[in-house]
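One structure is given here, and the rest of the page talks about it.
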Amino acid sequence: MVFYRINIISKNFLKTTFPSIIYKKNFHTLILSKNSQLLQINRTRPRKKLLLQHYENKSFIRNTHYLNPLPFPIEEGLEPLFSPVTLHELYEYQGSLIEDLNNLTDQTEFMDNTIFELIDKTAQVPENALIFNHASQIWNNDFFFQSLTKKNSSKEVDIMDLNERIKKDFGAIDNFKEHFKNMALGIFGSGWTWLVETEFHILRVVNTYNAGTTLDVTRTQEKDPNNHPMPYNSPFLTSSKNNVLDVGANKPSPPPFIKLALQPSHKSRFNPLLCLNMWEHAYIKDFGIRGKEDYIDGFWDCINWEVVQRRIIQRNSFM
78 MVFYRINIIS KNFLKTTFPS IIYKKNFHTL ILSKNSQLLQ INRTRPRKKL
128 LLQHYENKSF IRNTHYLNPL PFPIEEGLEP LFSPVTLHEL YEYQGSLIED
178 LNNLTDQTEF MDNTIFELID KTAQVPENAL IFNHASQIWN NDFFFQSLTK
228 KNSSKEVDIM DLNERIKKDF GAIDNFKEHF KNMALGIFGS GWTWLVETEF
278 HILRVVNTYN AGTTLDVTRT QEKDPNNHPM PYNSPFLTSS KNNVLDVGAN
328 KPSPPPFIKL ALQPSHKSRF NPLLCLNMWE HAYIKDFGIR GKEDYIDGFW
378 DCINWEVVQR RIIQRNSFM
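According to this note's numbering, the sequence shown is numbered sequentially starting from 78.
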């Protein structure tokens, strides 16, 4: 029988000493010493076997995708939207999705693809549904996090250009908020509610369900598809080839999500500006099972409208 001396090392130490290691929610990373050789064990969910890898003789899973930092301190939470506990759990969940995606795509044709490329390549391929769901949910989560900031002193849209755009397309700021709220409340189950800009520069509110994203228009709805079937010739199922991105020698390359949305072969012509996570795990702990409305109300306190405005400017500068 072989005995191992197990030392539990702090994550800060591990990050400094072994930067290639990725951490997950409630996972315990252990370093085992045996004859001066280092081995790594990651204790994962009960449904998975322990992963034992020899640090010197076996290669680790290739880490193509990494967890982006939050634009605000996680320890303080994001009141009144998220308590510190909920925010920490959501961020760790994002980390677990990223590690799972790295495992799913390792040593496959997708191993070198970006998140955006994975979404584009797998959205309509049933056998790749697991990869799509992970990539899409990772992108949605990160887009959501990057839209947030610490509580604003005012719930109003304080960017003049954006304020005027919303008034033009929704009639009034309050109309927009009411419409957005009703769309979010209409999600029966899990999903996302989005403010998007169409290829015709019109602002719309749409829903995606489960891990669906606005980067794939077939998963985007402005109405409940059970009550309002989308017609075959709907403008949201087709796109004009006249509005194709043309990057000349003097034009910089657009941000990845904008570049993907504007590709002629891509199914979506939406430019996502803002989204709200309507998965149950985002609000149940802080607001309860019937706390959707309070959760949505708290969302308006924590939107970074400068980020939203910048997303409009970025897209329009490449049109």
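Cβ coordinates follow ideal geometry from the N, Cα and C atoms, glycine included.
A quick note: this is a predicted structure, and the numbers were derived from the prediction, not measured.
Check: Residue from Glu153, Ser160, Lys228, Tyr360 whose Cα sits closest to the Cα of Trp382; Outcome: Lys228
Check: Buried or exposed by the 16-neighbour rule on C-beta atoms within 10 Å, applied to Pro349; Outcome: buried
Check: Neighbourhood of Phe247 by C-beta distance below 8 Å, restricted to the same chain and skipping five residues each side; Outcome: Phe253, His256, Leu280
Check: Inter-residue Cα distance where the pair is Pro150 and Cys379; Outcome: 13 Å
Check: Assigned exposure category for Ala288 - 16 Cβ within 10 Å defines buried; Outcome: buried
Check: Three-state secondary structure (DSSP) of Phe376; Outcome: helix
Check: Length of the line joining the Cα atoms of Asn210 and Asp197; Outcome: 12 Å
Check: Cα-Cα separation, Ser173 to Asn145; Outcome: 13 Å
Check: Under the three-state DSSP convention, the category Glu156 falls into; Outcome: coil
Check: CB-CB length for Gln386 against Ile236, believed under 8 Å; Outcome: 4 Å
Check: Residues of its chain near Arg242, where Cβ-Cβ distance is below 8 Å and the 5 sequence neighbours each way are ignored; Outcome: Leu280, Ile389
Check: Pair within 9 Å by beta-carbon distance, Leu178 and Ile215; Outcome: yes
Check: Contacting residues, own chain, Cβ-Cβ under 8 Å from Leu262 (five flanking each side not counted); Outcome: Lys369, Glu370, Ile373
Check: Segment limits, alpha helix (DSSP H) that includes Leu351; Outcome: No alpha helix (DSSP H) contains Leu351, which is instead part of the beta strand (DSSP E) from 348-354.
Check: Residue span of the beta strand (DSSP E) that contains Leu239, given as start and end; Outcome: It is not in any beta strand (DSSP E) - Leu239 instead sits in the alpha helix (DSSP H) that spans 237-247.
Check: CB contact flag (Tyr168, Phe222, <9 Å); Outcome: yes
Check: Ala206 burial status per 10 Å Cβ neighbour count (16 or more: buried); Outcome: exposed
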